[in-house]
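Report on the structure given below.
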Amino acid sequence: MMTTVELPLWLFVLIVLFAAVTFASHFLFPSVRWFFRRRLERAVARLNTRLTRPIEPFKLARRYDMIQRLIYDPDVTSAIVAHAQANNVPENVAFEQARRYAREIVPSFSAFAYFSFGTRVARWLATALYDVRTGLNNDQQIQSVDPDATVIFVMNHRSNMDYVLVTYLAARSSALSYAVGEWARVWPLSRLIKSMGAYFIRRRSRGLLYRKVLSRYVQLATQAGVTQAIFPEGGLSVNGRLMPLKMGLLSYVVEGFDPSHRDVVFVPVAINYDRVLEDRVLIAADQRGDRRFGARITVVMAAILRLLLQWVTRRYHKFGVASVVFGPPVSLSALTADHDIDALAHTLRDSIQDVMPVLFVPLLARVFLDADAPLTAAEMEAAARAALPADRGTRPVVVDDSFAAGVEQARDALLRRGVIEAQGHGWQIVDGERPLFEFYANSIDELAAPPRKPENAAAAKS
Numbered sequence: 437m438m439t440t441v442e443l444p445l446w447l448f449v450l451i452v453l454f455a456a457v458t459f460a461s462h463f464l465f466p467s468v469r470w471f472f473r474r475r476l477e478r479a480v481a482r483l484n485t486r487l488t489r490p491i492e493p494f495k496l497a498r499r500y501d502m503i504q505r506l507i508y509d510p511d512v513t514s515a516i517v518a519h520a521q522a523n524n525v526p527e528n529v530a531f532e533q534a535r536r537y538a539r540e541i542v543p544s545f546s547a548f549a550y551f552s553f554g555t556r557v558a559r560w561l562a563t564a565l566y567d568v569r570t571g572l573n574n575d576q577q578i579q580s581v582d583p584d585a586t587v588i589f590v591m592n593h594r595s596n597m598d599y600v601l602v603t604y605l606a607a608r609s610s611a612l613s614y615a616v617g618e619w620a621r622v623w624p625l626s627r628l629i630k631s632m633g634a635y636f637i638r639r640r641s642r643g644l645l646y647r648k649v650l651s652r653y654v655q656l657a658t659q660a661g662v663t664q665a666i667f668p669e670g671g672l673s674v675n676g677r678l679m680p681l682k683m684g685l686l687s688y689v690v691e692g693f694d695p696s697h698r699d700v701v702f703v704p705v706a707i708n709y710d711r712v713l714e715d716r717v718l719i720a721a722d723q724r725g726d727r728r729f730g731a732r733i734t735v736v737m738a739a740i741l742r743l744l745l746q747w748v749t750r751r752y753h754k755f756g757v758a759s760v761v762f763g764p765p766v767s768l769s770a771l772t773a774d775h776d777i778d779a780l781a782h783t784l785r786d787s788i789q790d791v792m793p794v795l796f797v798p799l800l801a802r803v804f805l806d807a808d809a810p811l812t813a814a815e816m817e818a819a820a821r822a823a824l825p826a827d828r829g830t831r832p833v834v835v836d837d838s839f840a841a842g843v844e845q846a847r848d849a850l851l852r853r854g855v856i857e858a859q860g861h862g863w864q865i866v867d868g869e870r871p872l873f874e875f876y877a878n879s880i881d882e883l884a885a886p887p888r889k890p891e892n893a894a895a896a897k898s
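Numbering (the numbering used here), first residue to last: 437 to 898.
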């Protein structure tokens with residue numbers, strides 16, 4: 437026992453390293469994790485005192501625990517058995533498939549990442565690119581909702597900036613859990629997005645097992661009171677219009693609704709821009725008849741460098757106004773007992789359209805499209821006043837000085853883009869730019885018509 441044993445130096449170092457790793461994993465790391473978790477819990481408790489709708493424990497649960505809870509859910513277990521029988525595979529294979537789906541869907545929310553990084557970046561980016569305007573009653577709409585109800589923001593999808601804008605504007609209310617598509621699964625963007633509480637959706641998947649895993653996650657989150665934000669159009673609008681709402685996520689919420697447990701309140705959100713960053717990409721996709729948004733990284737980097745150069749040389753101009761307006765909340769328990777999903781989709785769509793912001797660039801786009809000759813400044817202002825929707829939409833304040841200034845600023849923005857040109861004493865659309873003007877005019881055109889009745893429009897199903 438007391439005999440001296442000689443070891444090579446490399447072996448001695450290896451033994452010490454193994455011992456250090458074992459000590460750290462069994463004693464040091466658990467203590468450090470416990471220390472930081474306790475600090476995080478205290479920080480979240482302080483944060484919840486400032487939020488209109490506190491962060492629910494469901495959102496703060498460990499990702500591993502949520503995955504286990506999801507794949508062992510009775511409905512998911514039944515779907516696993518049915519999938520195994522239908523596809524003639526062992527149940528353990530179907531179980532692993534469900535686990536992969538759950539790992540793909542379930543986020544790993546970090547309150548630190550969301551409030552210390554995400555909301556600050558969102559505020560900086562939104563205010564750097566746009567003059568952000570909100571509805572006069574946005575705060576009141578949120579405060580009017582039952583504190584115990586689950587809030588789901590239902591939004592039109594104009595741009596990828598929608599995520600940034602709504603995150604920034606809702607930061608005082610709660611942490612939003614977004615449903616995002618396949619575009620957000622690119623590493624390392626996927627890690628950041630999951631830490632912000634977003635969950636991924638395969639929009640083209642029709643597999644029953646995947647649908648069941650996704651639906652149960654949405655239902656568990658809804659039942660736990662997690663504040664969510666969804667874009668039920670199913671993607672970006674390629675023509676500027678508000679599209680029919682797809683039923684996927686809405687149907688999951690309605691199917692899992694238990695009126696005796698907790699109410700679900702939908703908050704319609706209308707978003708509009710003087711300039712959509714991806715407008716030409718979307719218009720090109722609409723003209724091709726597909727939804728391939730193949731923006732090359734070189735094009736994106738060139739655009740960023742161009743903006744930085746403009747900022748350094750003091751020639752930078754914001755992209756105009758971005759406006760976000762909340763409509764009156766829609767309570768699911770207040771609807772008819774059968775909770776007709778079609779009626780709900782039509783109600784939400786009309787509510788979004790009813791409060792759609794009417795901005796000066798979309799207004800001028802309609803004016804220029806209707807003009808059959810170059811417009812002078814006076815004619816432009818008069819036509820813009822006449823084009824204002826009568827009863828619907830969130831309109832600009834019609835005060836002589838502010839309205840005239842708004843028209844002038846929108847005209848100057850179109851001039852800087854090179855899409856209108858001077859002709860004599862007036863201005864007209866540059867040849868080949870009519871699709872761009874139609875894209876912006878479409879966002880407010882429907883406001884001139886009365887709200888659609890459910891029987892006159894079929895919502896797309898997914």
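Beta carbons: idealized from backbone N, C-alpha and C, even for Gly.
Spatially closest choice to Gly-617 from Phe-454, Val-602, Arg-640 and Val-600, by CA coordinates: As a position in the sequence shown, residue 617 is number 181, starting the count at 1. The alpha carbon of Gly-617 has as its nearest neighbour, out of Phe-454, Val-602, Arg-640 and Val-600, the alpha carbon of Arg-640.
Cross-strand partners of Val-590 (DSSP beta bridge): Locating residue 590 in the sequence shown gives position 154, counting from the first residue. In the DSSP output, where bridge partners are listed per residue, Val-590 has Ile-666 and Pro-704.
Check whether Ile-788 and Leu-678 have beta carbons under 8 Å apart: Reading the sequence shown from its first residue, position 352 is the one you call residue 788. Reading the sequence shown from its first residue, position 242 is the one you call residue 678. With a cutoff of 8 Å on beta-carbon distance, Ile-788 and Leu-678 are scored as near each other.
CB-CB length for Met-816 against Ile-880, believed under 8 Å: For this step, residue 816 is matched to residue 380 along the sequence shown. For this step, residue 880 is matched to residue 444 along the sequence shown. With 8 Å as the limit, Met-816 and Ile-880 do not qualify as a contact, their Cβ atoms being about 16 Å apart.
Same chain only: Cβ atoms within 8 Å of Asp-567, ignoring 5 sequence neighbours per side: Taking the sequence shown and counting its residues from 1, the one referred to as residue 567 is at position 131. Excluding sequence neighbours, Asp-567 sits near Lys-754, Gly-756, Val-757 and Ala-758.
Collapsed DSSP secondary structure at Glu-857 in the structure displayed: Here residue 857 refers to the residue found at position 421 of the sequence shown. Reduced to three states, the DSSP call for Glu-857 is strand.
Contacts around Ser-580, its chain only, beta-carbon distance under 8 Å, and the 5 residues preceding and following it disregarded: Taking the first residue of the sequence shown as position 1, residue 580 is located at position 144. Answer for Ser-580: Pro-765, listed in chain order.
Contact under 8 Å by Cβ, Ala-720 with Phe-796: Against the sequence shown, residue 720 aligns to sequence position 284. Against the sequence shown, residue 796 aligns to sequence position 360. No, they are not a contact pair.
Residue from Arg-536, Leu-605 and Asp-806 with nearest C-alpha to Thr-555: Against the sequence shown, residue 555 aligns to sequence position 119. Relative to the Cα of Thr-555, the nearest Cα in the group Arg-536, Leu-605 and Asp-806 belongs to Leu-605.
Whole-Å CB distance - Ala-611 paired with Lys-495, under 8 Å assumed: On the sequence shown, position 175 is the one that residue 611 refers to. On the sequence shown, position 59 is the one that residue 495 refers to. Yes, Ala-611 and Lys-495 are in contact; Cβ-Cβ is about 7 Å, under 8 Å.
Contacts around Ala-894, its chain only, beta-carbon distance under 6 Å, and the 5 residues preceding and following it disregarded: Here residue 894 refers to the residue found at position 458 of the sequence shown. With a pLDDT of 38 at Ala-894, under the threshold of 50, the modelled position of that residue is not reliable, and the figure given next carries that caveat. Counting only Cβ-Cβ distances below 6 Å, and skipping sequence neighbours, we find nothing.
Exposure of Pro-444, with buried meaning 16 or more beta-carbon neighbours within 10 Å: Position 8 of the sequence shown, counting from 1, holds the residue named residue 444. Result: exposed.
Beta-bridge pairing of Leu-784 - partner residues as DSSP gives them: By one-based count along the sequence shown, residue 784 stands at place 348. DSSP lists no partner for Leu-784.
Segment contact flag, the stretch 537–548 with the stretch 630–649, C-beta cutoff 8 Å, min 3 pairs: Yes: the two stretches touch, three or more of their Cβ pairs being nearer than 8 Å.
Tyr-653: first and last residue of the uninterrupted alpha helix (DSSP H) it sits in: In the sequence shown, counting from the first residue as 1, residue 653 sits at position 217. Start and end: 644–659.
Nonlocal neighbours in the same chain, by C-beta distance under 7 Å from Glu-891, ignoring five residues either side: To locate residue 891, count along the sequence shown from 1; it is residue 455. Per-residue confidence for Glu-891 stands at a pLDDT of 43, beneath the threshold of 50, marking its modelled position as unreliable; the derived number appears in the next sentence. Non-local C-beta neighbours of Glu-891 in its own chain, meaning closer than 7 Å and more than five positions away in sequence, are absent.
Exposure of Leu-768, with buried meaning 16 or more beta-carbon neighbours within 10 Å: The residue you call residue 768 lines up with position 332 of the sequence shown. The residue is buried, with at least 16 neighbouring Cβ atoms inside 10 Å.
For Trp-646, the nearest candidate out of Gln-864, Ile-666, Ile-856 and Arg-539 (CA to CA): Taking the first residue of the sequence shown as position 1, residue 646 is located at position 210. For the record, residue 646 in the displayed sequence is Tyr; it is not Trp. Taking only the C-alpha atoms, the option nearest Tyr-646 is Arg-539.
Proximity below 8 Å, CB of Ile-541 to CB of Val-649: Translated into the one-based positions of the sequence shown, residue 541 becomes position 105. Translated into the one-based positions of the sequence shown, residue 649 becomes position 213. With respect to the 8 Å criterion, Ile-541 and Val-649 are classified as neighbours on the basis of their beta carbons.
Assigned secondary structure, Ser-759 (DSSP; H/G/I helix, E/B strand, else coil): By 1-based counting over the sequence shown, the position of residue 759 is 323. The DSSP-derived three-state label of Ser-759 is strand.
Rounded distance between the beta-carbons of Arg-489 and Ser-609, thought under 8 Å: Working through the sequence shown from its first residue, we reach residue 609 at position 173. Working through the sequence shown from its first residue, we reach residue 489 at position 53. Taking C-beta atoms under 8 Å as the contact rule, Ser-609 and Arg-489 qualify, at a distance of about 6 Å.
Beta-bridge pairing of Trp-560 - partner residues as DSSP gives them: Locating residue 560 in the sequence shown gives position 124, where the first residue counts as 1. DSSP lists no bridge partner for Trp-560.
Residue closest to Pro-680, alpha-carbon to alpha-carbon, out of Arg-785, Gly-692 and Asp-584: In the sequence shown, residue 680 corresponds to position 244, counting from 1. Ranking the options by Cα distance to Pro-680, first place goes to Arg-785.
Contacts around Asp-598, its chain only, beta-carbon distance under 6 Å, and the 5 residues preceding and following it disregarded: As a position in the sequence shown, residue 598 is number 162, starting the count at 1. Contacts found: Ile-707.
Span separating the alpha-carbon of Leu-450 from that of Ala-665: As a position in the sequence shown, residue 450 is number 14, starting the count at 1. As a position in the sequence shown, residue 665 is number 229, starting the count at 1. Each residue's Cα considered, the two are about 51 Å apart.
Reference Asp-582, options Ala-660, Leu-601 and Val-701, closest by Cα: Stepping through the sequence shown from its first residue, residue 582 is reached at position 146. Measuring from the Cα of Asp-582, the nearest candidate turns out to be Val-701.
As assigned by DSSP and simplified to three states, the class of Tyr-709: To locate residue 709, count along the sequence shown from 1; it is residue 273. Strand.
Ala-818 (DSSP reduced to helix, strand or coil): The residue you call residue 818 lines up with position 382 of the sequence shown. In the structure shown, Ala-818 sits in a helix (DSSP, three-state: H, G or I).
Cβ pair Val-690, Ile-637 closer than 8 Å: Your numbering for residue 690 matches position 254 in the sequence shown. Your numbering for residue 637 matches position 201 in the sequence shown. For Val-690 and Ile-637, no; Cβs fall outside 8 Å.
Span separating the alpha-carbon of Phe-553 from that of Val-602: As a working note, residue 553 is residue 117 in the sequence shown. As a working note, residue 602 is residue 166 in the sequence shown. C-alpha separation (whole angstroms): 15 Å.
Reduced DSSP secondary structure (H/G/I, E/B, other) of Val-635: To locate residue 635, count along the sequence shown from 1; it is residue 199. The residue asked about is misnamed: residue 635 is Tyr in this sequence, not Val. It is a strand residue.
Beta-carbon proximity list for Thr-440, same chain, < 6 Å, skipping 5 on both sides: Along the sequence shown, one-based indexing puts residue 440 at 4. Correct list: empty, nothing qualifies.
Thr-603, DSSP secondary structure in three states: Here residue 603 corresponds to residue number 167 of the sequence shown, with the count starting at 1. Looking at Thr-603 - three-state DSSP - the assignment turns out to be helix.
Contact check, Leu-799 vs Ala-822, beta carbons under 8 Å: By 1-based counting over the sequence shown, the position of residue 799 is 363. By 1-based counting over the sequence shown, the position of residue 822 is 386. In this structure, Ala-822 does not lie closer than 8 Å to Leu-799 by Cβ.
Between the CA atoms of Ala-585 and Ile-865 - distance to the nearest angstrom: Here residue 865 corresponds to residue number 429 of the sequence shown, with the count starting at 1. Here residue 585 corresponds to residue number 149 of the sequence shown, with the count starting at 1. CA-CA distance, Ile-865 to Ala-585, rounds to 49 Å.
Residue from Val-712, Val-654, Thr-830 and Arg-698 whose Cα sits closest to the Cα of Ser-673: One-based indexing of the sequence shown puts residue 673 at position 237. Relative to Ser-673, the option among Val-712, Val-654, Thr-830 and Arg-698 whose CA is nearest is Val-712.
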